[in-house]
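Under this note's numbering, the first residue of the sequence shown carries the number 238, and numbering increases by one thereafter.
Data block below; observations after.
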Amino acid sequence: MLHAVLETNAFIAAAKDAGMSDDERSAVVDHLATNPEAGDVMPGCGGARKVRVAKPGKGKSGGYRVITYFGGGDIPVFLLTVFGKNEKVSLAMSERNALSELCKVLKSKY
């Protein structure tokens, strides 16, 4: 079963800033449409997940980190943001809190 995948404006802007190509974005969407629970649940982030995505020629260790939210059932997979692994090791507590609040809103709306 394929799930709907929604790219947020924040994700699209972050993907552009991270140098992610349209083909790479499409590959992420395709992967998550068939694997909505891909990635690791991030503690303290309201159910947001971190999906490691390989960058062509660099593998996963030099790739991207895509932050997603999937609330289960018929809820779409939301692509929230992305960053290069070399850009950020982990999220600050304020970023984790903001993600948690965003996930609560998404879940309540769907």
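The beta carbon of each residue, even a glycine, is placed where N, CA and C say it ideally should be.
Neighbourhood of residue i by C-beta, 6 Å cutoff - its chain only, sequence neighbours within 5 removed
i	result
L243	P313 and F315
H240	A270, P273 and V314
Boundaries (first-last residue) of the beta strand (DSSP E) holding residue i
i	result
K292	R286 to K292
L243	V242 to E244
Nearest-angstrom Cα separation, counted from residue j out to residue i
i	j	result
E324	Y301	9 Å
E338	K253	25 Å
L328	A247	16 Å
R333	L317	12 Å
V290	L343	24 Å
A275	V288	6 Å
G321	A285	17 Å
V265	D259	10 Å
Below-8 Å beta-carbon distance, residue i vs any chain D residue
i	result
H268	Any reference to chain D falls outside this structure, which holds one protein chain only.
Cβ-based neighbour list, residue i, same chain, cut-off 8 Å, excluding 5 preceding and 5 following
i	result
P293	E261
Spatially closest choice to residue i from the options, by CA coordinates
i	options	result
M330	V342, I304 and G281	G281
T245	V303, A291 and V290	V303
Terminal residues of the alpha helix (DSSP H) in which residue i lies
i	result
L317	Looking at the DSSP string, L317 is not in any alpha helix (DSSP H); the run it does join, the beta strand (DSSP E), is V314 to G321.
C340	M330 to K346
Close-in-space but distant-in-sequence residues of the same chain around residue i (CB under 7 Å, 5 per side omitted)
i	result
M257	Y301 and V319
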